[in-house]
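Novice:
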Amino acid sequence: MAKNFLDLHNARSAEAKARVKARVQRALAEMPIQELQQARHLSQEQLANILFMEPATLSQLERGTDIYISTLRSYIEAMGGKLDIIANFPDGEVRIKLFTDIKEMHSNSDTVCVA
1 MAKNFLDLHN ARSAEAKARV KARVQRALAE MPIQELQQAR HLSQEQLANI
51 LFMEPATLSQ LERGTDIYIS TLRSYIEAMG GKLDIIANFP DGEVRIKLFT
101 DIKEMHSNSD TVCVA
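Residue numbers (the UniProt record's numbering): 1 to 115.
(1) Taking just the CA atoms, how far does L58 sit from Q34?
(2) Any contact of the stretch 3-15 with the stretch 42-58, i.e. 3+ C-beta pairs under 8 Å?
(3) Where do the N-terminal and C-terminal ends of the beta strand (DSSP E) with I86 fall, by residue?
(4) Along the chain, where does the beta strand (DSSP E) containing I67 start, and where does it finish?
(5) Tell me whether the stretch 65-77 and the stretch 88-97 touch, counting them as touching only if at least three CB pairs, one residue from each stretch, are closer than 8 Å.
(6) Can you tell me the Cα-Cα spacing of R40 and A27, whole angstroms?
(7) Could you tell me how far apart the beta carbons of T71 and L83 are, in whole angstroms, since I believe they sit closer than 8 Å?
(8) Give every residue of the same chain whose Cβ lies closer than 7 Å to the Cβ of I67, excluding the five residues on either side of it in the sequence, and list them in chain order.
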């Protein structure tokens, strides 16, 4: 006789439940870009509409191996997120802050140079 997953899960110790929860959080924290859209419960059509692009173009973007940071940022923001670039070093992390906010770029008519 098959057992209900919820019954099996509830029978686990608190420590085992905590390990499972931590593993799930790690899996959600690191995922390919095309899976992120699904995890955020957005269809490709919905996301393409938010980004003002065709679904086929969005599909190419998701399968691409090289992407502009501005494009990735727009993709993440369209899902309600915020893109952070973090450099990891043996002695710690550094959050890269070279990138101008997209809203600032659209509100300013001057050219922005990042050096």
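Built from N, CA and C at the ideal position, the CB exists for glycine as well.
Specialist: Once the coordinates are examined:
(1) 10 Å
(2) no
(3) Where I86 is concerned, the enclosing beta strand (DSSP E) starts and stops at 85-89.
(4) Neither: I67 is in no beta strand (DSSP E) and is coded neither H nor E.
(5) Contact fails: fewer than three Cβ-Cβ distances are below 8 Å.
(6) Computed Cα separation, rounded: 14 Å.
(7) 10 Å between Cβ atoms; not a contact.
(8) Only residues of its own chain outside the window of five on either side were considered, and among them L61 have a CB closer than 7 Å to the CB of I67, listed in chain order.
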